[in-house]
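For the sequence shown, the working numbering gives the first residue as 106, with consecutive numbering after it.
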Amino acid sequence: MKENRGLKNRIAISNAIDKSLYEKLKQYSDDTGIPISKLLDKSIAMFLESIERN
């Protein structure tokens, strides 16, 4: 299998999240057309910024 699935600027990860969180995330992605990967990028960045301030 090709390492990192041919991704050049991203890293593929595998993780498990709460079902209700995923359903809400998926619905928001469907409603807005924003890919889940981009929503996760933004969410993680916002979280890291919040802990750096404290």
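We put the CB at the ideal spot given by N, CA and C, even for glycine. Predicted model, so just to flag it, every value in this text is computed and none were measured.
**Message:** If you follow the alpha helix (DSSP H) that S119 is in, where does it begin and where does it stop?
**Reply:** Within the sequence shown, the letter at position 14 stands for residue 119. Unbroken run through S119: none, as it is neither H nor E.
**Prompt:** Counting along the chain, where does the alpha helix (DSSP H) carrying D146 start and finish?
**Reply:** Position 41 of the sequence shown, counting from 1, holds the residue named residue 146. Per DSSP, D146 belongs to the alpha helix (DSSP H) from 141-158.
**Message:** Between which residues of its own chain and R110 is the CB-CB distance below 6 Å, once the five residues before and five after are set aside?
**Reply:** As a working mapping, residue 110 is identified with position 5 in the sequence shown. Closer than 6 Å at Cβ, skipping near neighbours: A117.
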